[in-house]
Amino acid sequence: MSVLLAVPIIAPLLGAATSIGLGKSRRAQRLVGMSVLGLVLVDSAFLVWRVDTSGVLVAHAGRWRAPVGIAFVADRLSAVVLLTSALTLLAVLAFAIGEPGTEDRHVGFHPTYLILTAGVSFALLPGDLFNLFVAFEVMLMASYVLLTMGGRADQVRSGMTYVVVSLVASSLFLLALALIYAATGTVNMADLSEKIADLPPGLGRGLAVLLVVVFGIKAAVFPLFFWLPDSYPTAAAPVTAVFAGLLTKIGVYAILRTQTVVFTGDLRPGGLLLVVAAFTMVVGVLGAVAQTDMRRLLSFHIVSQIGYMIMGIGLFSVAGIAGTILFVVHQIVVKASLFLVAGLIQVRAATDRLDRLGGLAGVESVVAALFALAALSLAGVPPLSGFVGKLALVQAGAEGGAWMVVAVSLAVSLLTLFSMSKIWSAAFWGEPSEPLAPRASRVSDRRWYLMLAATAALVAASLVVSLAAGPLHRYSTRAAADLLDGSDYVGAVLR
Amino acid sequence: MGERSLIFDTTVRLVFDAAVVLSLFMLFAGHNQPGGGFVGGLVGAAAMSLRYLAGGLDELRSLLPVRPWTLLSIGLLLAAGTAATSVVTGGPMLEHAAWGAEVVALGHVSVTSALVFDTGVYLVVVGLMTTVLEALGDEVDR
Chain P
20 MSVLLAVPII APLLGAATSI GLGKSRRAQR LVGMSVLGLV LVDSAFLVWR
70 VDTSGVLVAH AGRWRAPVGI AFVADRLSAV VLLTSALTLL AVLAFAIGEP
120 GTEDRHVGFH PTYLILTAGV SFALLPGDLF NLFVAFEVML MASYVLLTMG
170 GRADQVRSGM TYVVVSLVAS SLFLLALALI YAATGTVNMA DLSEKIADLP
220 PGLGRGLAVL LVVVFGIKAA VFPLFFWLPD SYPTAAAPVT AVFAGLLTKI
270 GVYAILRTQT VVFTGDLRPG GLLLVVAAFT MVVGVLGAVA QTDMRRLLSF
320 HIVSQIGYMI MGIGLFSVAG IAGTILFVVH QIVVKASLFL VAGLIQVRAA
370 TDRLDRLGGL AGVESVVAAL FALAALSLAG VPPLSGFVGK LALVQAGAEG
420 GAWMVVAVSL AVSLLTLFSM SKIWSAAFWG EPSEPLAPRA SRVSDRRWYL
470 MLAATAALVA ASLVVSLAAG PLHRYSTRAA ADLLDGSDYV GAVLR
Chain V
-16 MGERSLIFDT TVRLVFDAAV VLSLFMLFAG HNQPGGGFVG GLVGAAAMSL
34 RYLAGGLDEL RSLLPVRPWT LLSIGLLLAA GTAATSVVTG GPMLEHAAWG
84 AEVVALGHVS VTSALVFDTG VYLVVVGLMT TVLEALGDEV DR
C-alpha cells in the first residue's frame, strides 16, 4: 500500500528526469507532463478513499521505523489537499500548454513544473518537520525558476524579493527546527506531540508561535504578506495561477498540521491566530479595493482569503477546523480558476489593466460566465462553493463565541463582492479604450479552446465542491476530529 | 576571456585529477563512512569549475562527453528510479538491497543499491553545477 504514498512524489521526479531528456520535443514533454499529473490525480483519489475507509496510512522509507527513520503519512487532511492540488496542477498544465508563451519558449518549463508537483506532494506527506523543511525547499527552488522564467526585468526584480523573503523564512524554519530538536531530541511530529507536552509550557508556546511565524510568511498572513502582491502578478499566467492556488495554502496546511498534531492543549496560540486572521482579512481586502490591475487585485484577495483559513484554525474546535479544510479545498480551485480567467483576458486583450479593458461580456461571453461563477464563489454568494466554506466558518465562529472575527469576516465578504464587481463592470461591461482586435490575430482557435476548457474544468470542480457540500463537510469534520484528537495519527506513525 | 595564467593553468592541471579521484572515493566511501553522492558531487563539480576558470566554457565542454543537462536527467532518473524500484517490488520506498562477493585480489566486495542512488545524486550535483556554468557563464566569458 505504500505505492499510494510513493507515486505522488516519485512519479513527478521520474517525469522531470524524462522531460529533461526529451528537451528537443515539446510534444513528448507535454505527453509526459500530462500523464504524470493524471497518474498523481488518480493516485490521490485512491488515497482519499483509502484513508477515509481504513485510517491513517504510513510508509517508513527504507524500512527504518519512525521516529528514527523518515515516515510518510497520509491522513484525511493531507489526502484531500493532495487530491485538490493534483486536480489544479493538471488543469493549469493544460492551460499552460494552450497559452502562447512561457511553455512554448522554455525547454525547462515542464521539468520545473514537475519538480514543483513533487515538492507540493512532498510537503503534504512527510511525518517529520525536517522533511517538511526539505519539501518546502524543493517547492521553492522550482518556484524561483518558474517565477522568473520570462527573464523580464520586472520579473527578476520581484523574483528577488520573493527569494530574499523565502530565504529568511527558511532560515527561521531551520532555527526553529534546531531549537525544537535541542529541547526534545526529535523532529518527528508524532513523537513531538508527546515530548513537547513535557516541556515547560512557556517554551512550548514559544516554539508554537515561532512555527506560526515561519509558516505565516509562506502563507502570507498579516503582517508578513507584503511580498506576495508584489511578486505573484509578474509571473506568466499559468505560473501565477498555480502559485496563487497552491503555495500559500501549503503554508496554511503546515500551520494546521503543526498547531494540531505537534502542539496540544493550551500550547496552541488560539487568540493570536484569531487576531492575525481578522487583520489578514481586512488588510488584504482593503489592498485589493485600491488596485487597478486585475492580477494585482486578485493577489491581494489571496491574502484576504488566507485570513478565513487562519480564523478556522484559531478557533481550535472541530467545526472551525472542518470549516478551514473545506475552505482550503474551495480556495485552491477557485483562486486558480480566477487567475486562469485573468490569463485568458491577458491573452485576448493583451492587457490586464482595468482602465484599458471593457466590453468583454459581449465578445467573449464564455469567459465572462466563467469569471462570474468563480468571482461569486470567491465572495461567498450562495449556493456556490465559497458560501459553503464561509458558512461553516461563521457557524464555527459563532459557536466558539468569537463574535468580533465573525463580524469582520462578514464585512470582508461584502468588500470582496464589491471588488469583484469592480472587475466585472470594468472588464466585462462598458466600452474598451481601444477596440478589441479579432481573436484570430492573438491566438489560434485550438489553443484558445484548450485554455478555455482547462479553466472551465476548474470552475466545474468548484461547482462540484458546492454540490457535494454535504459529504465534503462530513469528511472535513472527520478530518478535523482526527487532527484535534491526534491519537490515530500518533498511533499509526509510532506503532 | 583574458590572458591565460601559466601558474593557474599548471596548478589546475595538477589538482584536477586528484580532485576527481577524491570525489569518486567519497562517492564509494559514503555508504558507511563520511562522504556520499552529494559531497562527492560537490567536489567533482568544484574540480569542473576549476577547469572552467582556467579555460572557459570550451574547456568545460571538452571535459564532458554529453551536455550538462543530460547528466542532470540521467542522475535524477537513477536516484528516483532506485527509490521507485523498491516500491515496485512491494517494499517501502528507498528500501535497499545489498550483494557481496569475493573478488580476486580485492577480497570481499559488497555492493548496495544505495550506491546506484548515490551515483544518481552525484550526477545531479555535477550536472546542475555544470548547467549553471553553461547558462550563466556565457556572459562572463565575453
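Listed in order, the protein sequences are those of chains P and V. Converting from the first sequence to this note's numbering requires adding 19 to each position, the first position being numbered 1. Take the second sequence: its position 47, counting from 1, is numbered 30 in this note's numbering, and each next residue is one higher. Where is the CB? At the ideal position from N, CA and C, for every residue including glycine.
Span of the beta strand (DSSP E), counted from its first residue to its last, around residue i
{"i": "P/His79", "result": "Leu76 to His79"}
{"i": "V/Trp82", "result": "Ala81 to Val86"}
{"i": "P/Phe91", "result": "Ala90 to Ala93"}
{"i": "V/Gly90", "result": "Gly90 to Thr95"}
Anticipated Cβ contact below 8 angstroms, residue i with residue j, distance rounded
{"i": "P/Ala78", "j": "V/Pro51", "result": "That belief does not hold up - the Cβ atoms of P/Ala78 and V/Pro51 are roughly 34 angstroms apart, past 8 angstroms."}
{"i": "P/Val281", "j": "P/Ser323", "result": "That belief does not hold up - the Cβ atoms of P/Val281 and P/Ser323 are roughly 28 angstroms apart, past 8 angstroms."}
{"i": "V/Thr102", "j": "V/Leu(-11)", "result": "Their Cβ separation, rounded to whole angstroms, is 36 angstroms, which puts V/Thr102 and V/Leu(-11) out of contact at 8 angstroms."}
{"i": "P/Ser481", "j": "P/Ser396", "result": "5 angstroms"}
{"i": "P/Ala297", "j": "P/Val427", "result": "5 angstroms"}
{"i": "V/Val(-5)", "j": "V/Arg34", "result": "6 angstroms"}
{"i": "P/Phe234", "j": "P/Gly178", "result": "Between P/Gly178 and P/Phe234 the Cβ distance is about 22 angstroms, and since that is not below 8 angstroms, they are no contact."}
{"i": "P/Leu58", "j": "P/Ala93", "result": "So it is not a contact: roughly 16 angstroms between Cβ atoms."}
{"i": "V/Thr95", "j": "V/Ala81", "result": "4 angstroms"}
Residues near residue i by beta carbon distance below 7 angstroms, same chain, minus five either side
{"i": "P/Leu434", "result": "Val304 and Val308"}
{"i": "P/Ala499", "result": "Val337, Ile340, Ala341 and Ile344"}
{"i": "P/Ser268", "result": "For clarity, residue 268 of chain P is Lys in the given sequence; the question names Ser instead. Only Val347, Gln350 and Ile351 meet the Cβ criterion."}
{"i": "P/Arg497", "result": "Arg95"}
{"i": "P/Ala380", "result": "Ala387, Phe447 and Trp448"}
{"i": "V/Val99", "result": "Leu61 and Thr65"}
{"i": "V/Glu85", "result": "His91"}
{"i": "V/Val26", "result": "Ala2, Leu5, Ser6 and Met9"}
{"i": "P/Thr474", "result": "Phe114, Ser356, Leu359, Val360, Leu363 and Leu389"}
{"i": "P/Asp507", "result": "Gly74, Val75 and Asp501"}
Residue i classed as buried or exposed, judged by whether at least 16 other C-beta atoms fall within 10 angstroms
{"i": "P/Ile325", "result": "buried"}
{"i": "P/Asn150", "result": "buried"}
{"i": "V/Ala66", "result": "buried"}
{"i": "P/Arg493", "result": "exposed"}
{"i": "P/Arg171", "result": "exposed"}
{"i": "P/Arg315", "result": "buried"}
{"i": "P/Glu122", "result": "buried"}
{"i": "P/Val139", "result": "buried"}
{"i": "V/His91", "result": "exposed"}
{"i": "V/Gln16", "result": "exposed"}
{"i": "P/Thr131", "result": "buried"}
{"i": "P/Met423", "result": "exposed"}
{"i": "P/Val512", "result": "buried"}
{"i": "V/Thr(-7)", "result": "exposed"}
{"i": "P/Arg287", "result": "buried"}
Neighbourhood of residue i by C-beta, 6 angstroms cutoff - its chain only, sequence neighbours within 5 removed
{"i": "P/Ala394", "result": "Met439"}
{"i": "P/Val407", "result": "Ser485 and Ala488"}
{"i": "V/Glu117", "result": "Pro51"}
{"i": "P/Tyr200", "result": "Val206"}
{"i": "P/Leu108", "result": "Leu56 and Thr136"}
Residue i - containing alpha helix (DSSP H), residue span
{"i": "P/Gly127", "result": "Counting along the chain, P/Gly127 falls outside any alpha helix (DSSP H), and DSSP gives it neither H nor E."}
{"i": "P/Asp217", "result": "Run containing P/Asp217: none; DSSP gives neither H nor E here."}
{"i": "P/Leu56", "result": "Arg45 to Ser73"}
{"i": "P/Met179", "result": "Ala172 to Thr203"}
{"i": "V/Asp41", "result": "Gly20 to Leu46"}
{"i": "V/Ala0", "result": "Note that residue 0 of chain V corresponds to Asp in the displayed sequence, not to Ala. Here the alpha helix (DSSP H) through V/Asp0 covers Leu(-11) to Ala12."}
{"i": "P/Thr167", "result": "Where P/Thr167 is concerned, there is no enclosing alpha helix (DSSP H), given that its DSSP letter is neither H nor E."}
{"i": "P/Ser444", "result": "It is not in any alpha helix (DSSP H) - P/Ser444 carries neither H nor E in the DSSP assignment."}
{"i": "P/Thr277", "result": "Looking at the DSSP string, P/Thr277 is not in any alpha helix (DSSP H), and its letter there is neither H nor E."}
{"i": "P/Trp83", "result": "Per DSSP, P/Trp83 belongs to no alpha helix (DSSP H) and is neither H nor E."}
{"i": "V/Ser69", "result": "Pro51 to Val71"}
{"i": "P/Ala263", "result": "P/Ala263 -> no alpha helix (DSSP H), and no H or E assigned at all."}
{"i": "V/Pro75", "result": "Careful: V/Pro75 lies outside any alpha helix (DSSP H) and carries neither H nor E."}
{"i": "P/Val484", "result": "Asp464 to Leu486"}
Cutoff 8 angstroms; reference residue i; Cβ partners in own chain excluding five residues on either side
{"i": "P/Gly378", "result": "Phe447, Trp448, Gly449, Glu450, Pro451 and Leu455"}
{"i": "P/Phe358", "result": "Ala256, Thr259, Ala260, Ala263, Gly264, Arg314 and Leu317"}
{"i": "V/Arg(-13)", "result": "Ala37 and Gly38"}
{"i": "P/Leu247", "result": "Ala239, Thr267, Ser318, Ile321 and Val322"}
{"i": "V/Leu55", "result": "Leu106, Val107, Gly110, Leu111 and Thr114"}
{"i": "P/Phe244", "result": "Thr299, Val302, Gly303, Val322 and Ile325"}
{"i": "P/Val400", "result": "Phe406 and Leu436"}
{"i": "P/Val99", "result": "Val67, Ile344, Val348, Tyr494, Ser495 and Ala498"}
(request) Only counting runs of 4 or more residues, tell me where the alpha helix (DSSP H) segments fall wholly within the stretch 281 to 366 of chain P, in order along the chain. (result) DSSP runs (the alpha helix (DSSP H)) wholly in the stretch 281 to 366 of chain P: 289 to 308 and 313 to 334.
(request) Could you pull out every unbroken alpha helix (DSSP H) segment of at least 4 residues lying fully inside the stretch 221 to 254 of chain P, listed in chain order? (result) Residue ranges of uninterrupted alpha helix (DSSP H) with 4 or more members, entirely inside the stretch 221 to 254 of chain P and ordered along the chain, are 246 to 250.
(request) At 4 residues or longer, and completely inside the stretch 373 to 433 of chain P: list those alpha helix (DSSP H) runs for me, N to C. (result) 379 to 382, 384 to 398 and 404 to 418
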